[in-house]
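Visitor:
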Amino acid sequence: MSIPPRSDDDGEPSYAPSSLLLPRSEEPVLLSPAQQQLYLHVLTLGASPSSACGKVGITPLDVLRTIDGDAKFREQIDQVTVLLSQNVAAALYRSAMEGSVSAQTFFLKNKPPPDWQAEDEPELTADRLKGLSDEELLNRCRASGIDVPIETSAGADSPIVEE
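Our numbering puts the first residue of the sequence shown at 12, with every later residue one more than the last.
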């Protein structure tokens, strides 16, 4: 869909042909199929939803009502959101490959290579904790970085403070 932009009264380019612009009404309306496609197109160009509404000549309430009443449009909005997220991920990857340490760190924390991922441990529930010995519990605390402020002897009911 190639629609040349035209300028609105405020000087901003608008992608909506005059025939699609509707007078502003008090009550939100459902978008026509042409308005839906134009709105989606403007979103894919990187416009915010509010800006896309202005460029198409619709209101955010019209979009919300259409999303609520049209499952196909709602699915298309979701697909555009995924597409835009993939664009950001690609830009992050490109930045990481160009040497940005912060981008590399962020990328690897969120998308580590498969062989870097730790094996999933079973969820630690209260029942599983009750089954641990004192020594196992202390070892888990230390492994998790929890400082044990006093030395505790395994098997003792109360901590022993060594002076």
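No residue lacks a Cβ here, since even glycine has one placed at the ideal position from N, Cα and C.
1. Within 10 Å of its beta-carbon, does residue 66 have 16 or more other beta-carbons around it, so buried, or fewer, so exposed?
2. Return the first residue and the last residue of the alpha helix (DSSP H) that residue 154 is part of.
3. Does the beta-carbon distance from residue 91 to residue 42 come in below 8 angstroms?
4. I think residue 54 touches residue 63, with their Cβ atoms under 8 angstroms apart; what is that distance to the nearest whole Å?
5. Any idea if residue 47 is buried or exposed, counting beta-carbon neighbours within 10 angstroms, 16 or more meaning buried?
6. Here's the rule I'm using: 16 or more other beta-carbon atoms within 10 Å means buried, otherwise exposed. How should residue 157 be labelled?
7. Does the Cβ-Cβ distance between residue 197 and residue 87 come in under 8 angstroms?
8. For residue 94, report the span of its alpha helix (DSSP H) as first-last.
9. Near residue 218, what residues of its chain come up, given a Cβ to Cβ distance below 7 angstroms and the 5 sequence neighbours on each side ignored?
10. Measuring alpha carbon to alpha carbon, tell me which residue in 135, 69 and 89 is nearest residue 155.
11. Taking only the alpha-carbon atoms, compute the straight-line gap between residue 45 and residue 101 and give it to the nearest angstrom.
Guide: Once the coordinates are examined:
1. buried
2. First-last of the alpha helix (DSSP H) with residue 154: 145-154.
3. no
4. Indeed they touch by this definition, with Cβ atoms about 5 angstroms apart.
5. buried
6. exposed
7. Nothing about residue 197 can be reported from this structure: the residues present for the chain run from 12 to 174 only.
8. 82-108
9. Residue 218 is absent from the model: the chain starts at 12 and stops at 174.
10. Per the Cα distances, 135.
11. Taking the straight line joining both Cα atoms gives about 30 angstroms.
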